[in-house]
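>
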Amino acid sequence: MTTNPPPLWTFWRPRYWLLWCGLALLRLIVLLPQKQRMRAGSLLGKLSYRLAGKRAFIAQRNIELCFPELGAKDHLALTHRHFESLGKSAIEMGMSWWISDAEIERLFVIEGIENMNEAVARGKGVLILCAHLAGVELSGRAIMTGLPPLAAMYRPNNNPMLNALMWRSRAKSISELITKDSIRQLLRALKNKRAVWYAPDQAYTGKNSVLAEFCGIPAMSNAATTQLLKASGATLVPFFPSRLPDDSGYKVQYLPIVEDLPSDDPVADTNAINRILEQHIRRFPEQYYWVHRRFKGRPESFSDPYATSE
Numbered sequence: 059m060t061t062n063p064p065p066l067w068t069f070w071r072p073r074y075w076l077l078w079c080g081l082a083l084l085r086l087i088v089l090l091p092q093k094q095r096m097r098a099g100s101l102l103g104k105l106s107y108r109l110a111g112k113r114a115f116i117a118q119r120n121i122e123l124c125f126p127e128l129g130a131k132d133h134l135a136l137t138h139r140h141f142e143s144l145g146k147s148a149i150e151m152g153m154s155w156w157i158s159d160a161e162i163e164r165l166f167v168i169e170g171i172e173n174m175n176e177a178v179a180r181g182k183g184v185l186i187l188c189a190h191l192a193g194v195e196l197s198g199r200a201i202m203t204g205l206p207p208l209a210a211m212y213r214p215n216n217n218p219m220l221n222a223l224m225w226r227s228r229a230k231s232i233s234e235l236i237t238k239d240s241i242r243q244l245l246r247a248l249k250n251k252r253a254v255w256y257a258p259d260q261a262y263t264g265k266n267s268v269l270a271e272f273c274g275i276p277a278m279s280n281a282a283t284t285q286l287l288k289a290s291g292a293t294l295v296p297f298f299p300s301r302l303p304d305d306s307g308y309k310v311q312y313l314p315i316v317e318d319l320p321s322d323d324p325v326a327d328t329n330a331i332n333r334i335l336e337q338h339i340r341r342f343p344e345q346y347y348w349v350h351r352r353f354k355g356r357p358e359s360f361s362d363p364y365a366t367s368e
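If you're matching positions, the sequence shown starts at 59 in the working numbering and goes up one per residue.
1) Taking C-alpha atoms, which residue in ILE87, LYS249, PRO207 and MET219 lies nearest to LEU235?
2) With a 10 Å radius around its C-beta and 16 neighbouring C-beta atoms as the bar for buried, classify GLU344 as buried or exposed.
3) Can you confirm whether the stretch 139 to 152 touches the stretch 90 to 98 when touching is taken to mean that 3 or more C-beta pairs between the two stretches lie within less than 8 angstroms?
4) Anyone know if the C-beta pair for THR293 and LYS182 falls short of 9 angstroms?
5) Does DSSP put PHE297 in a helix, a strand or coil?
6) Do the CB positions of HIS338 and PRO303 come within less than 9 angstroms of each other?
7) Please classify GLU358 as buried or exposed, where buried requires at least 16 other C-beta atoms within 10 Å of its C-beta.
8) Expressed to the nearest angstrom, what Euclidean distance is found between the alpha-carbon atoms of PHE272 and ARG139?
9) Going by the CB atoms, is the gap between LEU245 and LEU187 shorter than 9 angstroms?
10) Please classify THR137: does DSSP put it in a helix, a strand, or coil?
11) Determine, using beta carbons only, whether TYR308 and VAL178 come nearer to each other than 9 angstroms.
12) ILE116: beta carbon under 8 angstroms from a heavy atom of the ligand COA?
13) Out of ALA247, ASP239, ALA282 and MET219, state which residue places its alpha-carbon closest to the alpha-carbon of ILE232.
14) On the three-state DSSP scale, how would you describe THR237?
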């Protein structure tokens with residue numbers, strides 16, 4: 059069950075002062091023109107790479123596993139670009155809090171809206187399939203117009219103050235926030251004909267977990283999508299945001315409705331979903347969230363690819 063976070067005035071304590079200073083700097087950066095914001099984000103990402111330690115190792119290891127066709131220099135270069143993308147994502151978080159609706163409209167190009175309109179016209183819930191990608195926070199504001207009430211799965215931030223800020227920002231464009239463990243609430247939203255943003259791309263070892271391929275590598279994955287679609291009758295529409303090549307804005311794409319899911323084989327369904335996600339990730343590899351241990355939690359017969367990061 060989702061509960062509202064405490065008001066922001068409760069965080070005016072010394073332990074949060076450094077965070078307030080960081081937010082003030084972020085607010086100033088958001089006032090800059092778009093390309094200058096992204097340059098600032100790139101610099102932030104380069105700095106974060108130097109400080110990342112274990113997370114930098116995890117990102118590069120994931121990239122090595124998922125792109126074996128690249129050489130060592132290319133793996134390292136892609137890791138560097140990924141951290142620059144993470145820095146830009148931090149700036150985009152602030153943009154999602156503070157820029158106007160008019161600027162959101164100016165920054166975004168939306169493609170494939172006819173696919174979403176077709177899904178809505180079927181009169182059932184819509185499961186919006188996505189992944190942990192750059193531009194996700196901003197895209198929620200860009201796509202709210204013309205959709206049925208939008209719900210989204212999310213993981214609460216470990217920092218209470220950041221969690222409160224993010225919750226309030228998301229609540230502006232999302233009518234219902236569903237924590238990652240609230241499957242019944244998610245199913246109820248779909249049965250109530252809502253559109254639900256759903257990203258099953260990260261490692262998952264709980265109930266309904268299966269071993270499926272992600273970028274050709276066996277990975278623990280969430281197979282609940284099959285049950286959600288069967289139980290709700292919802293329509294599955296892939297949705298992917300990306301930055302424009304010159305950093306002047308963003309593009310979001312609704313892909314055609316996935317008609318052949320669900321089947322009676324959750325593992326086959328999960329492999330199919332992972333392939334849909336992979337196709338976008340390979341187009342914009344630096345914009346995926348590689349610092350997550352995607353290949354953790356596998357059966358003991360598999361080696362731990364992150365063992366040397368401990």
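The beta carbon of each residue, even a glycine, is placed where N, CA and C say it ideally should be.
No experiment lies behind these values; they were computed from the predicted model shown.
Well, looking at it:
1) Locating residue 235 in the sequence shown gives position 177, where the first residue counts as 1. Of the candidates ILE87, LYS249, PRO207 and MET219, the one whose C-alpha sits nearest the C-alpha of LEU235 is PRO207.
2) Working through the sequence shown from its first residue, we reach residue 344 at position 286. By the neighbour-count criterion, in which 16 or more other beta carbons inside 10 Å mark a residue as buried, GLU344 falls on the buried side.
3) Flag = yes, the stretch 90 to 98 and the stretch 139 to 152 touch.
4) By 1-based counting over the sequence shown, the position of residue 293 is 235. By 1-based counting over the sequence shown, the position of residue 182 is 124. In this structure, THR293 places its C-beta atom within 9 angstroms of the C-beta atom of LYS182.
5) The sequence position of residue 297 within the sequence shown is 239, counting from 1. In the structure shown, PHE297 sits in a strand (DSSP, three-state: E or B).
6) Mapped onto the sequence shown, residue 338 falls at position 280. Mapped onto the sequence shown, residue 303 falls at position 245. No, they are not a contact pair.
7) The count along the sequence shown starts at 1 and reaches residue 358 at position 300. Result: exposed.
8) For the purposes of this step, residue 272 is taken as residue 214 along the sequence shown, with counting starting at 1. For the purposes of this step, residue 139 is taken as residue 81 along the sequence shown, with counting starting at 1. Cα to Cα, the separation comes out at about 21 angstroms.
9) Your numbering for residue 187 matches position 129 in the sequence shown. Your numbering for residue 245 matches position 187 in the sequence shown. No, they are not a contact pair.
10) Walking along the sequence shown from the start, residue 137 turns up at place 79. Looking at THR137 - three-state DSSP - the assignment turns out to be helix.
11) Taking the first residue of the sequence shown as position 1, residue 308 is located at position 250. Taking the first residue of the sequence shown as position 1, residue 178 is located at position 120. No.
12) This structure lacks the ligand COA, and indeed carries no ligand of any kind.
13) Working through the sequence shown from its first residue, we reach residue 232 at position 174. When only C-alpha atoms are compared, the closest one is ALA247.
14) As a first step, residue 237 is located in the sequence shown; it is residue number 179 there, counting from the start. Three-state DSSP puts THR237 in a strand.
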